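To start, the structure under review is shown below, and the notes come after it.
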Amino acid sequence: MRIFSGIQPTGRKHLGNYIGAISQYVSSQDRGEGLFCIVDLHAITVPYDPAELRERLYDTTAILLAAGLDPARCTIFRQSDVGEHTELTWLLSSVTELGRLQRMHQFRDKELAQRELVSAGLLLYPVLQAADVLAYRAAEVPVGEDQREHLELMRDVARRFNARYGGGEEVLVVPEHRIPEVGARIMDLQDPTRKMSTTGSGESGTVYVLDEPKAIEKKLAGAVTDSGSEVRRAPDKPGITNLIEILAAVRGSEPDAVQDEFAQARYGEFKAAVAAEVVGYLAPVRERYEELRADVPALESILEEGAGHARAMASETLADVRERMGVGAPRATPARGTSGTVDTVPG
Ligand code: AQP
Numbered sequence: 021m022r023i024f025s026g027i028q029p030t031g032r033k034h035l036g037n038y039i040g041a042i043s044q045y046v047s048s049q050d051r052g053e054g055l056f057c058i059v060d061l062h063a064i065t066v067p068y069d070p071a072e073l074r075e076r077l078y079d080t081t082a083i084l085l086a087a088g089l090d091p092a093r094c095t096i097f098r099q100s101d102v103g104e105h106t107e108l109t110w111l112l113s114s115v116t117e118l119g120r121l122q123r124m125h126q127f128r129d130k131e132l133a134q135r136e137l138v139s140a141g142l143l144l145y146p147v148l149q150a151a152d153v154l155a156y157r158a159a160e161v162p163v164g165e166d167q168r169e170h171l172e173l174m175r176d177v178a179r180r181f182n183a184r185y186g187g188g189e190e191v192l193v194v195p196e197h198r199i200p201e202v203g204a205r206i207m208d209l210q211d212p213t214r215k216m217s218t219t220g221s222g223e224s225g226t227v228y229v230l231d232e233p234k235a236i237e238k239k240l241a242g243a244v245t246d247s248g249s250e251v252r253r254a255p256d257k258p259g260i261t262n263l264i265e266i267l268a269a270v271r272g273s274e275p276d277a278v279q280d281e282f283a284q285a286r287y288g289e290f291k292a293a294v295a296a297e298v299v300g301y302l303a304p305v306r307e308r309y310e311e312l313r314a315d316v317p318a319l320e321s322i323l324e325e326g327a328g329h330a331r332a333m334a335s336e337t338l339a340d341v342r343e344r345m346g347v348g349a350p351r352a353t354p355a356r357g358t359s360g361t362v363d364t365v366p367g
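So the sequence shown is residues 21 to 367, counted in the working numbering.
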């Protein structure tokens, strides 16, 4: 089974990214053929610093490797190295409903937050995402809860393409999302009604994968809790509910088990326990990261090799899509027949 996911090259990946997505990438290596793409073309849809982009891309690559992605068991590559993604975006934009793009939550949130230009790229972001996945005919996409809407859109795009151009065949695979049962939406420590986010959260509300233990302890000690004193999940206790979920995800256990274990604990004790486990969870990643990040030529060579592998797969899909859409020369090579008419040679 082919498994694909993309991640933005914001060097400072947070605990939500780690639990919701990266840890799933790592475990998926045992279940199928994983392709993991660092999406620099998505990153340019909001204001950014060009000089920083490449550095942050190396940061993210090193985090993925430090987390346990193994280039011998999966493909790790940079989106912009595989030109097929952008061409497929354009082709798929013709089977994507404009109104749907305008109603996407992420577009509306980012549009509102934009002080300068709201780019057309921001609107087309989910189409590029659809192209990323559909180019590999991936069956499964591990993501956090916030990507559910984008996954639904890409499924519709694939279905519409197949209905319009497939002639009864599933030319593009309609992918399934894989959203973890625990930790699909880690919340901001300072405002647990909002998701922990790279752009929307402040420093004290966000635990970063590369945070030092002291910083993690401080952030968790300062996490907003709720009225009452019971360690229990409830709609009116979003702060404690979030911490229970974090601890369960980090341990690979169930929120109910965490709740039972800490039923008699005070908030302070519970927060200290969560901090200790998060520190232990992230420490090995931070330690491996330092060494990996220092060797840029090695990172480049992993990305280059990954891109070569990815390109071979994506170019096959793109050739099929072009053929079905009647774009470009026919797939079979045109040749002159003896009668002087143009025949086609089976390709
Ligand atoms: N809070 C979260 N809890 C669980 N999973 C999350 N993800 C993001 N936030 C949470 C998942 O992380 C993967 C990679 O995300 P991304 O870095 O490519 O960008 P994003 O989804 O837009 O989330 P960010 O990092 O917080 O950035 P902004 O601020 O731009 O929204 C995805 O699978 C995502 O679901």
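All residues carry an ideal CB built from backbone N, CA and C; glycine is no exception. Quick caveat: nothing in here was measured; it's all calculated off a predicted structure.
Could you give the first and the last residue of the continuous alpha helix (DSSP H) run that contains residue i?
| i | result |
| --- | --- |
| V202 | Note, V202: premise wrong, no alpha helix (DSSP H); not H, not E. |
| L89 | Note, L89: premise wrong, no alpha helix (DSSP H); not H, not E. |
| G259 | P258 to R271 |
| P275 | P275 to E281 |
| G119 | L118 to R123 |
| D166 | Counting along the chain, D166 falls outside any alpha helix (DSSP H), and DSSP gives it neither H nor E. |
From the DSSP output, which residues share a beta bridge with residue i?
| i | result |
| --- | --- |
| R22 | E53 |
| I58 | I27 and R98 |
| H34 | Y228 |
| E196 | E160 |
What three-state label does DSSP hand residue i in the structure shown?
| i | result |
| --- | --- |
| F97 | strand |
| I64 | coil |
| E289 | helix |
| K215 | strand |
| M333 | helix |
| M207 | strand |
| T245 | coil |
| L137 | coil |
| P70 | helix |
| E297 | helix |
| R253 | coil |
| D79 | helix |
| V191 | coil |
| Q44 | helix |
| G103 | coil |
| V115 | coil |
| A155 | coil |
| Q284 | coil |
Please classify residue i as buried or exposed, where buried requires at least 16 other C-beta atoms within 10 Å of its C-beta.
| i | result |
| --- | --- |
| P366 | In this predicted model, P366 has a pLDDT of only 41, less than 50, meaning its place in the structure is not dependable enough to derive any value. |
| M207 | buried |
| P212 | buried |
| A295 | buried |
| D50 | exposed |
| M21 | exposed |
| V106 | The question names Val, but residue 106 in the sequence shown is Thr. Label assigned to T106: exposed. |
| P258 | buried |
| E274 | exposed |
| G272 | exposed |
| A71 | exposed |
| P67 | exposed |
| T219 | exposed |
| L132 | exposed |
| P29 | buried |
| D69 | exposed |
Mind checking which residues open and close the beta strand (DSSP E) that includes residue i?
| i | result |
| --- | --- |
| V161 | E160 to P162 |
By how many angstroms is the C-alpha of residue j removed from the C-alpha of residue i?
| i | j | result |
| --- | --- | --- |
| Q284 | K239 | 23 Å |
| L121 | H62 | 15 Å |
| S224 | L171 | 30 Å |
| R128 | F181 | 26 Å |
| G36 | I199 | 12 Å |
| S139 | Q126 | 14 Å |
| E136 | Y145 | 18 Å |
| R253 | P233 | 26 Å |
| A268 | A241 | 18 Å |
| G119 | L154 | 21 Å |
| G186 | P162 | 26 Å |
| A18 | T261 | Residue 18 is absent from the model: the chain starts at 21 and stops at 367. |
| R32 | G188 | 45 Å |
| V2 | E297 | Residue coverage of the chain in this structure runs from 21 to 367, which leaves residue 2 outside it and unanswerable. |
| G164 | D90 | 21 Å |
| S359 | V59 | In this prediction, S359 has a pLDDT of 43, which is less than 50 and means its spatial position is unreliable; what the coordinates show is noted afterwards. In a straight line, the C-alpha of S359 is about 51 Å away from that of V59. |
| H97 | E325 | Rather than His, the amino acid found at residue 97 in this sequence is Phe. Near 8 Å, if we compare the C-alpha coordinates of E325 and F97. |
| T80 | G26 | 11 Å |
| Y301 | M216 | 18 Å |
| C57 | F24 | 8 Å |
| D246 | D256 | 8 Å |
| Y228 | G346 | 47 Å |
| D101 | A82 | 18 Å |
| V193 | L263 | 37 Å |
| Y309 | I266 | 22 Å |
| T226 | T109 | 33 Å |
| E237 | R76 | 25 Å |
| S47 | I322 | 20 Å |
Give a yes or no on whether the minimum CB-CB distance between residue i and chain B is below 8 Å.
| i | result |
| --- | --- |
| A41 | Chain labels in this structure do not include chain B; a single protein chain is all it has. |
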